[in-house]
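Residues -17 to -1, 1 to 700 (mature numbering (1 follows the signal peptide of the UniProt record, and there is no 0)) make up the sequence shown, in order. The C-beta atom is built at its ideal place from N, Cα and C for all residues, glycine as well. All values reported here derive from a predicted model rather than from experimental measurement. Encoded as structure tokens, the structure appears first; notes follow it.
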Amino acid sequence: MKKSLIALAILSTAAYADEGMWMPQQLPQVAKELKAAGLKLDPASLTKLTEFPMGAIVSLGGCSASFVSPQGLVATNHHCVYGSVAHNSTPERNLLANGFLAHNLGEELPAAPGSRIWVTKAVTDVSKQVVTPEVAKLSGKARSDAIEKNQKTIQAECEKDAGHRCTVAAYYGGLEYYLIKQLEIRDVRLVHAPPEGVGKFGGDTDNWMWPRHTGDYGFYRAYVSKDGKAADYSKDNVPYVPQHYLKLAKEGVKEGDFIMVLGYPGRTNRHRLPSEVAFTFDWNYPAFVKQSAESLAIIADTTKDNKDTALKYASQVAGINNYYKNRQGMLDSYAGSDMLKRKTAEHEALKQWINADAKRKAEYASDIELVEKLIAQRDAELKRDYYLGSSKPRLLNTARMLYRLANENTKPDADRKSGYQVRDVPRLKSSVDALVRNYDEKVDKALVLNSLAKYAAQPAAERNAAFDSVVGIKDGMSKADLQAALDKLYAGSKLGDLAERKAWLERKPADFKASDDSFIKAAVALYEPDLKSEAEDEELGGKLQQAYANYMKAKIAYMHSKGQAVYPDANSTLRVTFGKIAGRDPGADGTTWKAFTTVAGVAAKATGQGEFNAPAAQLKAIKDKDFGKYVDPKLKSVPVAYLATLDITGGNSGSAALNAKGEWIGLAFDGTLDSIISDWDFNKAMTRDIQVDLRYILWNMKHVDHADNLLKEMNAE
């Protein structure tokens, strides 16, 4: 049988143990490296998604998690349950500040609207079904449409198995496609989150830093109907019984130990072209950092006198802060690196290899040239429209979504645009509901005005004429003029009311056209221009997909000719990475980074204020050395966090860290600031990720929060 390109790409893996976010089906190809690193399980067992330990690993859609009990208890990071904690918080019952613990099932709280637990059941190569011989002949929008049609057909067939969500994911820039089948658990409940002074200890000051003392953990529970099927929230639902769940490690970890992380990394960019690197670091990231800083300042200013509004935006602030520091850290690392020079040299070497052989030149050369031109066009359009997206009020975007849904509902489901099919309606309804606890008009208006002022300052030829018309934007408008235009737009809408928003979910296109609601009217006016813009994007996207896929085919062949491994960039699908627990010498500023931190560091950092406000009960337990069985004999204290040489990125947050036996030893939650540029350029010497130690989680649950019911459930007693 002909091997897939993914299999061919990893026939020679050399000594790449620490680098690589491997697809489970690739692991037999790196079995030698896994065994050499210390894995005591059969590497082939990690390819079986419904067996141990892979069957315990789940996705939260943006974060990773795992089952840790036979009653559907799910462990993940505190910052991954943060939105649900904030959603359930009020000034009178501030769960963010005080933490939350359900002592029994009846006390568990519904997670934020739209929360899901995704359990991967199967991964199947469907490349030939997506890019058929007929599709391969197409280009531009026709190609995009045909690929989307085939994806929807495959997904629809897969989803005949009720309660499952199926997605066709692209790998290597659309060179290969895999069908991901997942059980969609829709009833998700908040079980436990420590106080912010533990779960977010150090806050943005310590984010991406080492040494770290953050107890970044929290727990959800998955619920299903009494017959074991995925179901919406109901008091009659029961805890989901997973086929597999992680067992707690019997022994603590130490430096040099084998470690692997199983999870759903979001996006990496290691196969990007030099021009993409230059655009990102010279323009895109700097623009993002600037806008993020402005957004944080605006939210802080507009919520300072209203605790409830501040709680509504707490999760958004945490997210902005996280990416703000991430991108700035990447920029700092990039400024002192030769990454662009090396990427350029590597790309030139690839082109020379292609041009050195007539057959290779005929197969690849034209697409290598074309992909550069198409990327330049895409980046120019992104730069032009950068402020347009954030200049649209959230309720306008909600109205646009509602009107698009109404129009798509008039078509057979198979003909509807992806994102607006029957399978997508629960998610869209959840986004409507979620505005109750994450939206405030005053804050939204201030954020929009900040972007709108920059957008309106662009020449008319670079602006969107349809958007200008609905908002009333003209050349030379002052900020006061723009404010007045926004005030009028917001004042003319009732979409701020939940009942009003929900009513529009059921209405027909004619109802929208007859409405006097300002945001609804704007959505109707923007509909046709939006469709035109979407078609233009798909024309470019179809051409780019075709050229990029052939570029990746050439790159895989080139690197394989040199005996080098080629794993696909992360794309939010299940991956495995492995390495060892290790400090770093030198660390930042020439210092040596030890592999572990302990609770002594919590007490040393605790000031009782702001981001270092550890709970009094925890500080007392540390002072009294009330460590119980969780003390490390060598450290003579309870370990908090540890470093490892793992290759992770955003989306890996909450990933289970396992030892050589497949036992649970902690949760991955961060990387170090000077190594996060590994998303673009992996550096084996510098890269370290950070895990919260299982012993710290259990100690805090036992000696501080007294979560005895959960400890018993996890067999930790």
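Pro598 and Leu472 look like a contact to me (Cβ under 8 Å); what is the Cβ gap, rounded to whole Å? Mapped onto the sequence shown, residue 598 falls at position 615. Mapped onto the sequence shown, residue 472 falls at position 489. Cβ-Cβ separation between Pro598 and Leu472: approximately 45 Å, too far for a contact (criterion under 8 Å).
Following the continuous beta strand (DSSP E) through Gln165, name the residue where it begins and the one where it ends. Position 182 of the sequence shown, counted from the first residue, corresponds to residue 165. Unbroken beta strand (DSSP E) run through Gln165: Glu159 to Ile168.
In whole angstroms, give me the CA-to-CA distance for Lys(-16) and Val114. The residue labelled residue -16 in the question sits at position 2 within the sequence shown. The residue labelled residue 114 in the question sits at position 131 within the sequence shown. Only weak support is given to the placement of Lys(-16): the predicted model assigns it a pLDDT of 43, under 50, and the question is left unresolved by the model.
For Asn60, which three-state DSSP category applies? Here residue 60 refers to the residue found at position 77 when the sequence shown is read from its first residue. Three-state DSSP puts Asn60 in coil, outside helix and strand.
Rounded C-beta distance between Ala94 and Tyr203? I'm assuming under 8 Å. Against the sequence shown, residue 94 aligns to sequence position 111. Against the sequence shown, residue 203 aligns to sequence position 220. Right, their Cβ atoms sit about 6 Å apart.
So who's on the other strand from Ala48, going by DSSP bridges? Position 65 of the sequence shown holds residue 48. Ala48 is bridged to Val41.
Complete runs of the alpha helix (DSSP H) confined to the segment 433 to 517 [at least 4 residues]: Segments of the alpha helix (DSSP H) lying fully in the segment 433 to 517: 448 to 454, 462 to 474, 481 to 487 and 492 to 496.
Rounded Cβ spacing between Lys209 and Val224 (contact assumed at less than 8 Å): Translated into positions along the sequence shown, residue 209 becomes position 226. Translated into positions along the sequence shown, residue 224 becomes position 241. Rounded to whole angstroms, the Cβ separation of Lys209 and Val224 is 12 Å, and the two are not in contact under 8 Å.
For Ala454, I'd like the list of residues in its chain whose CB is within less than 6 Å of its CB, leaving aside the five on either flank, ordered along the chain. Taking the sequence shown and counting its residues from 1, the one referred to as residue 454 is at position 471. Per the sequence shown, the amino acid found at residue 454 is Val instead of Ala. These residues qualify, in order along the chain: Ala468.
Can you give the beta carbon distance from residue 711 to Ile168, rounded, assuming they're within the 8 Å contact cut? Look at the range of the chain in this structure, -17 to 700, and you will see that residue 711 is not part of it.
Tell me which residue opens and which closes the alpha helix (DSSP H) that Gly584 is part of. If you number the sequence shown from 1, residue 584 lands on position 601. Counting along the chain, the alpha helix (DSSP H) containing Gly584 begins and ends at Val582 to Lys588.
Suppose you measure from the CA of Asn305 to the CA of Gln274; what does that come to, to the nearest Å? Residue mapping note: residue 305 aligns to position 322 of the sequence shown, counting from 1. Residue mapping note: residue 274 aligns to position 291 of the sequence shown, counting from 1. Between Asn305 and Gln274, the C-alpha separation is close to 14 Å.
Cα-Cα separation between Trp191 and Arg310, rounded to whole angstroms: Counting from one through the sequence shown, the residue named residue 191 turns up at place 208. Counting from one through the sequence shown, the residue named residue 310 turns up at place 327. Their backbone Cα atoms lie some 11 Å apart in a straight line.
Would Gln8 and Val102 qualify as a contact pair, given that the criterion is a beta-carbon distance under 8 Å? On the sequence shown, residue 8 is found 25 positions in, with the first residue counted as 1. On the sequence shown, residue 102 is found 119 positions in, with the first residue counted as 1. Not in contact: Gln8 and Val102 (Cβ atoms no closer than 8 Å).
beta-carbon Ala486 near the ligand GTP non-hydrogen atom, thresh 7 Å: Of ligands this structure carries none, so the ligand GTP is not represented either.
Suppose contacts are defined by Cβ-Cβ distances below 8 Å. Is Leu17 in contact with Pro26 by that definition? Position 34 of the sequence shown, counted from the start, is the residue given in the question as residue 17. Position 43 of the sequence shown, counted from the start, is the residue given in the question as residue 26. Going by C-beta atoms, Leu17 is nearer than 8 Å to Pro26.
Looking at Pro551: is its Cβ nearer than 8 Å to the Cβ of Tyr155? Here residue 551 is taken as the residue at index 568 of the sequence shown, counted from 1. Here residue 155 is taken as the residue at index 172 of the sequence shown, counted from 1. Cβ distance < 8 Å, so Pro551 and Tyr155 count as in contact.
Kindly give me the distance between the Cβ atoms of Ala578 and Gly593, rounded to whole angstroms, as I take these residues to be in contact under 8 Å. Counted from its first residue, the sequence shown places residue 578 at position 595. Counted from its first residue, the sequence shown places residue 593 at position 610. In fact, because the Cβ distance is near 28 Å, the residues do not count as touching under 8 Å.
What's the call for Glu2, buried or exposed, on a 16-neighbour Cβ count within 10 Å? The count along the sequence shown starts at 1 and reaches residue 2 at position 19. That one is buried.
Please report the distance separating the alpha-carbon of Ala627 from that of Lys667. Taking the first residue of the sequence shown as 1, we reach residue 627 at position 644. Taking the first residue of the sequence shown as 1, we reach residue 667 at position 684. In this structure, the straight-line span from the alpha carbon of Ala627 to that of Lys667 is close to 11 Å.
Three-state class that DSSP yields for residue 725 in the structure shown: As shown, the chain starts at -17 and ends at 700. That puts residue 725 outside it, with no answer to give.
Out of Lys504, His147, Ile564 and Asn77, which has the shortest C-alpha to C-alpha gap to Ala214? Taking the sequence shown and counting its residues from 1, the one referred to as residue 214 is at position 231. From the listed residues Lys504, His147, Ile564 and Asn77, the smallest Cα separation to Ala214 is found for His147.
Which of helix, strand or coil does DSSP assign to Thr150? Here the question's residue 150 lines up with position 167 in the sequence shown. Thr150: strand per DSSP, three-state reduction.
With DSSP run on the structure shown, which of helix, strand or coil describes Met4? Within the sequence shown, the letter at position 21 stands for residue 4. In the three-state reduction of the DSSP assignment, Met4 falls in the coil class, being assigned neither a helical nor a strand state.
Please classify Asn133 as buried or exposed, where buried requires at least 16 other C-beta atoms within 10 Å of its C-beta. One-based indexing of the sequence shown puts residue 133 at position 150. A residue is called buried once 16 or more other Cβ atoms fall within 10 Å of its Cβ, and Asn133 is buried on that count.
Collapsed DSSP secondary structure at Met384 in the structure displayed: Along the sequence shown, one-based indexing puts residue 384 at 401. If DSSP states are grouped into helix, strand and coil, Met384 belongs with the helices.
Are there 16 or more other CB atoms within 10 angstroms of the CB of Asn338, so buried, or fewer, so exposed? Taking the sequence shown and counting its residues from 1, the one referred to as residue 338 is at position 355. Its Cβ having fewer than 16 others within 10 Å, Asn338 is exposed.
Sequence-distant residues of the same chain with beta carbon closer than 6 Å to Thr251, five excluded per side: Sequence index remark: in the sequence shown, residue 251 carries index 268 (1-based). Result list for Thr251: Asp552, Ala553, Thr632 and Asp662, in chain order.
As a quick exercise: from Ser452, Ser498 and Leu88, pick the residue whose alpha carbon is nearest that of Ser476. For the purposes of this step, residue 476 is taken as the residue at position 493 of the sequence shown. Restricting attention to Ser452, Ser498 and Leu88, the CA atom closest to the CA of Ser476 is found in Ser498.
Bridge partner(s) assigned by DSSP for Gln674: Here residue 674 refers to the residue found at position 691 of the sequence shown. Under the DSSP definition of a beta bridge, Gln674 partners with Tyr625 and Ala651.
Taking DSSP as the reference, what is the three-state secondary structure of Ile358? Position 375 of the sequence shown, counted from the start, is the residue given in the question as residue 358. DSSP places Ile358 in the helix class (H, G or I) of the three-state scheme.
Could you tell me whether the segment 250 to 265 touches the segment 71 to 80, using the rule of 3 or more Cβ pairs below 8 Å? Because the criterion of three Cβ pairs below 8 Å is not met, the segment 250 to 265 and the segment 71 to 80 do not touch.
For Ser501, count the other beta carbons within 10 Å of its own beta carbon; 16 or more makes it buried, fewer makes it exposed. Which is it? To locate residue 501, count along the sequence shown from 1; it is residue 518. A residue is called buried when at least 16 other Cβ atoms come within 10 angstroms of its Cβ; Ser501 meets this threshold and is buried.
First through last residue of the beta strand (DSSP E) which encompasses Thr107: For the purposes of this step, residue 107 is taken as residue 124 along the sequence shown, with counting starting at 1. DSSP places Thr107 inside the beta strand (DSSP E), whose first and last residues are Ile100 to Asp108.
For Asp470, count the other beta carbons within 10 Å of its own beta carbon; 16 or more makes it buried, fewer makes it exposed. Which is it? Along the sequence shown, one-based indexing puts residue 470 at 487. Classification for Asp470: exposed.
Are there three or more Cβ pairs, one per stretch, closer than 8 Å when the segment 378 to 394 is compared with the segment 48 to 67? Inter-segment contact for the segment 378 to 394 and the segment 48 to 67 is absent: fewer than three beta-carbon pairs are separated by less than 8 Å.
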